[in-house]
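For reference, each letter of the sequence shown is one residue, going 1 to 128 in full-length UniProt numbering.
A virtual CB, placed ideally from N, CA and C, is assigned to each residue, including glycine.
Given the structure is predicted, the values throughout are model-derived calculations rather than measurements.
Only one structure is covered here, and it is reproduced in the block below.
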Amino acid sequence: MDIPKDRFYTKTHEWALPEGDTVLVGITDYAQDALGDVVYVELPEVGRRVEKGEAVAVVESVKTASDIYAPVAGEIVEVNLALEKTPELINQDPYGEGWIFRLKPQDMADLDALLDAGGYQAVLESEA
């Protein structure tokens, strides 16, 4: 399982990559593998204010549907419209072209409460 060290992680398998004053959010390689082939993504609305842990998107696969949660509180400022036509980008490139949304956090320091790559690896090992 690939776990890039340049971003933060949640116990619910989202990743958060700081970029300037925004955070790019997607699901981890582990999550996309567990979901199986992604067939649809319900994207959040740009401009929506969200709280940490709030369900903001849905990823549907041939197996199941899974809520995607906001890793920190903030405002959705962009969504990955490419997923509307090509949802399988989440399977093909979960840490790159398969990103789901970008948010502007209320406080960038909130990211410090998330897991680093080592902490996320420990979560995966405890679930195995």
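Proximity of the stretch 29 to 49 to the stretch 71 to 86 meets the contact definition, three or more beta-carbon pairs being nearer than 8 Å. Pairing T22 with V77 gives a Cβ-Cβ distance under 9 Å. DSSP lists no bridge partner for I100. Restricting attention to alpha helix (DSSP H) runs no shorter than 4 residues, the UniProt domain "Lipoyl-binding" (22 to 104) encloses them at 29 to 35, 82 to 85 and 89 to 92, ordered along the chain. Distance check between V72 and each of D93, E54 and G96 places E54 closest, using alpha-carbon atoms only.
When A109, V58, E127 and G74 are compared, the shortest CA-CA separation from I27 is found for V58. Residues V72 of the same chain have their beta carbon placed closer than 6 Å to that of D110, with the five preceding and five following residues left out of the count.
A128 sits in coil when the DSSP states are folded into three classes, being neither helix nor strand. For P18, the uninterrupted beta strand (DSSP E) run begins and ends at E14 to E19, by DSSP.
For V46, the number of other beta carbons within 10 angstroms of its own is below 16, and it is reported as exposed.
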